[in-house]
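Sequential numbering from 158 applies to the sequence shown in this note's numbering. Beta carbons: idealized from backbone N, C-alpha and C, even for Gly. Here the structure is a predicted model, which means the values were calculated and not measured. A quick write-up on the structure given underneath.
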Amino acid sequence: MTLISRRGFLAASAAAAASLTLPARVRAAPEGFALSATTRVIEVQGRAATVLGLTNAQGGPGLILDPGQRFRTDLTNTLDTETIVHWHGQIPPNAQDGVPNTNPMLKPGETRAYDFAARPGTFWMHSHIPEQEIGLLAAPLIVRRSEEAAADRQEVVMFLHDFSFRTPQEVLAEVSGGTAMDHGAMNHSAPPMAGMPHMAEMPGMGGMAMDLNDYDFDAYLANDRTLDDPEVITVARGGRVRLRVINAAAMTAFWIDTGAAAARLVAVDGEPVLPLAGRRFSVAPAQRLDLEIDLPDDGAAAPVLALREGARERTGIILAPPGATVPKLAPLSDAAHPPVSGDMTQELSLRAAAPLPPRALQNGQMVMLGGAMQPYVWTINGRVWEDRLPIAARSGERVELMFHNMSMMAHPMHLHGHVFQVVEVNGSRFAGALRDTVHVPAMGSVTIAFDAGEAAPWMLHCHHMGHLAAGMMTELAISA
Ligand SMILES: [Cu+2]
Numbered sequence: 158m159t160l161i162s163r164r165g166f167l168a169a170s171a172a173a174a175a176s177l178t179l180p181a182r183v184r185a186a187p188e189g190f191a192l193s194a195t196t197r198v199i200e201v202q203g204r205a206a207t208v209l210g211l212t213n214a215q216g217g218p219g220l221i222l223d224p225g226q227r228f229r230t231d232l233t234n235t236l237d238t239e240t241i242v243h244w245h246g247q248i249p250p251n252a253q254d255g256v257p258n259t260n261p262m263l264k265p266g267e268t269r270a271y272d273f274a275a276r277p278g279t280f281w282m283h284s285h286i287p288e289q290e291i292g293l294l295a296a297p298l299i300v301r302r303s304e305e306a307a308a309d310r311q312e313v314v315m316f317l318h319d320f321s322f323r324t325p326q327e328v329l330a331e332v333s334g335g336t337a338m339d340h341g342a343m344n345h346s347a348p349p350m351a352g353m354p355h356m357a358e359m360p361g362m363g364g365m366a367m368d369l370n371d372y373d374f375d376a377y378l379a380n381d382r383t384l385d386d387p388e389v390i391t392v393a394r395g396g397r398v399r400l401r402v403i404n405a406a407a408m409t410a411f412w413i414d415t416g417a418a419a420a421r422l423v424a425v426d427g428e429p430v431l432p433l434a435g436r437r438f439s440v441a442p443a444q445r446l447d448l449e450i451d452l453p454d455d456g457a458a459a460p461v462l463a464l465r466e467g468a469r470e471r472t473g474i475i476l477a478p479p480g481a482t483v484p485k486l487a488p489l490s491d492a493a494h495p496p497v498s499g500d501m502t503q504e505l506s507l508r509a510a511a512p513l514p515p516r517a518l519q520n521g522q523m524v525m526l527g528g529a530m531q532p533y534v535w536t537i538n539g540r541v542w543e544d545r546l547p548i549a550a551r552s553g554e555r556v557e558l559m560f561h562n563m564s565m566m567a568h569p570m571h572l573h574g575h576v577f578q579v580v581e582v583n584g585s586r587f588a589g590a591l592r593d594t595v596h597v598p599a600m601g602s603v604t605i606a607f608d609a610g611e612a613a614p615w616m617l618h619c620h621h622m623g624h625l626a627a628g629m630m631t632e633l634a635i636s637a
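Listed below in structure tokens is the structure:
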């Protein structure tokens, strides 16, 4: 979806406007925005599907805030069930975090007002109920920086999701019942399973196999569309684009492949990093990437693809200069894409543009991640959510949490109410990226550092919706 047209380029972009385009007029009136949790109909592989959504007053998805603008919106629940919407990566007062442990649910027909200082960057909003998030109750939340608004770059959002024609309840039942995949029949201590779908050999683990995908979705969406009928975004010949990639998928990690177009990763989870040049970047569930892309001067269309890890499925958008031939791309690659999970090369290369100031550690804790496919139960410190033992901290403390993943799957761990710095991966200490969600590799470790914020019980959980629904959530209980 096109956010902001490059200067002098409005007319051409308008011609390419698609259903998901967010025109500049969705910006708030002074009195604030209006959002609705609602249902909508999208077309997937030629079939109409009724899904959930978060729409603005103009009927488009999500919100764009101008530099310095407050997050001030009404949220109306037009669904016939309760909901609660989380502003992922933002740091509101806990009472506005959109979580079922401390905020009341929005009843059908209820409207609630939100008002807090917005953090700049690429964020998103989603229901904190796994079934609803699987059902696409999610949308972009973009807060522009003044530098970005001043830069001569067209801004484009690529919002990714995994989609099933089954109901989210059926998806979760199949995942947790072990019928979705045949992981349960596999012996994880067996020799490597070369060629087995959804399994991959773990680097440096003596050929142990790790699990990649818990569920085969029917389609993988970029801005609600598949490669059968992708969104084509008009860009200038040789144009300069800021691509905001949001992985809103419930259970899928992707490689973002910019093909012939050179790219630089300039922010993760909304936070600037020292630019990292490349053409392929990894993004775990709930994470975001800001990519600066310089289109080739040859005027050719530039597909930007999202490749499902450990599988052949792919989705994407096409950046097309005027007159370019738009290529027809198959929704399957010729061969399975390599694992994102377990490949920590990118994470180890990232450096925050503005790292946390050094401070003495006051509170260091291990956080054990566990679980298995059969039975399908996922735990933090050996406990599921209902049986949780909150992790304790005091407001203002410098805290480090060392995630130790004792399971055969990677977990995208998300902490609410804080931005943290990645300071260790698999035993290597470094001053990494600032994030709100970090992918912890199977049988590996990641340490995050942060200064404990508002005294409140903040959610800490895996952002894989199957794992979250099967227990993998706890609280960081911050006391005054
Ligand atoms: Cu998980």
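Would you kindly work out how many angstroms separate the C-alpha atoms of residue i and residue j, rounded to a whole number?
i: residue 387; j: residue 299; result: 22 Å
i: residue 340; j: residue 310; result: With a pLDDT of 41 at residue 340, under the threshold of 50, the predicted position of this residue should be treated as unreliable, and no value is reported.
i: residue 313; j: residue 636; result: 41 Å
i: residue 354; j: residue 322; result: Unreliable placement is indicated for residue 354, whose pLDDT of 42 sits below 50; the coordinate value is still reported in the next sentence. In a straight line, the C-alpha of residue 354 is about 22 Å away from that of residue 322.
i: residue 378; j: residue 593; result: 23 Å
i: residue 182; j: residue 420; result: With a pLDDT of only 40 at residue 182, under the threshold of 50, the placement of this residue in the model should not be trusted; the figure read from the coordinates follows. In a straight line, the C-alpha of residue 182 is about 29 Å away from that of residue 420.
i: residue 226; j: residue 301; result: 9 Å
i: residue 237; j: residue 209; result: 12 Å
i: residue 424; j: residue 590; result: 9 Å
i: residue 415; j: residue 506; result: 19 Å
i: residue 571; j: residue 480; result: 43 Å
i: residue 239; j: residue 203; result: 31 Å
i: residue 436; j: residue 398; result: 14 Å
i: residue 641; j: residue 249; result: Residue 641 lies beyond the stretch modelled for the chain, which goes from 158 to 637, so this question has no answer here.
i: residue 459; j: residue 540; result: 46 Å
i: residue 251; j: residue 624; result: 24 Å
i: residue 515; j: residue 218; result: 39 Å
i: residue 620; j: residue 368; result: 16 Å
i: residue 197; j: residue 492; result: 34 Å
i: residue 308; j: residue 395; result: 16 Å
i: residue 545; j: residue 455; result: 57 Å
i: residue 438; j: residue 450; result: 13 Å
i: residue 390; j: residue 475; result: 6 Å
i: residue 629; j: residue 432; result: 33 Å
i: residue 503; j: residue 265; result: 43 Å
i: residue 213; j: residue 519; result: 43 Å
i: residue 402; j: residue 189; result: 26 Å
Is it the case that the Cβ atoms of residue i and residue j are separated by a distance below 8 Å?
i: residue 471; j: residue 463; result: yes
i: residue 559; j: residue 524; result: yes
i: residue 375; j: residue 320; result: yes
i: residue 567; j: residue 490; result: no
i: residue 556; j: residue 579; result: no
i: residue 380; j: residue 444; result: no
i: residue 234; j: residue 194; result: yes
i: residue 569; j: residue 441; result: yes
i: residue 429; j: residue 487; result: no
i: residue 263; j: residue 232; result: yes
i: residue 329; j: residue 606; result: no
Thinking just about the alpha-carbon of each residue, which of the options is nearest to the one in residue i?
i: residue 564; options: 469, 622 and 602; result: 602
i: residue 670; options: 406, 392 and 407; result: Outside the shown range of the chain (158 to 637) lies residue 670, about which nothing can therefore be said.
i: residue 495; options: 485, 403, 484 and 467; result: 467
i: residue 538; options: 265, 633 and 394; result: 633
i: residue 325; options: 418, 373 and 446; result: 373
i: residue 434; options: 426, 517 and 508; result: 508
i: residue 271; options: 286, 196 and 243; result: 243
i: residue 448; options: 215, 619, 622 and 278; result: 278
i: residue 584; options: 561, 574 and 569; result: 561
i: residue 714; options: 629, 192 and 207; result: No answer is possible for residue 714: it lies beyond the span of the chain, which begins at 158 and ends at 637.
i: residue 599; options: 389, 513, 529 and 232; result: 529
i: residue 542; options: 588, 395 and 617; result: 617
i: residue 333; options: 604, 370, 315 and 394; result: 370
i: residue 283; options: 303, 551 and 316; result: 316
i: residue 550; options: 483, 535 and 521; result: 521
i: residue 268; options: 230, 629 and 245; result: 230
i: residue 327; options: 292, 297, 305 and 306; result: 292
i: residue 576; options: 382, 588 and 608; result: 608
i: residue 547; options: 280, 631, 190 and 290; result: 631
i: residue 610; options: 626, 574 and 627; result: 574
i: residue 453; options: 330, 417, 211 and 259; result: 417
As a quick check of your reading: which residues have a C-beta less than 7 Å from at least one non-hydrogen atom of ligand 1, in chain order? Cβ atoms closer than 7 Å to ligand 1 belong to 535, 566, 568, 569, 619, 621, 624 and 629.
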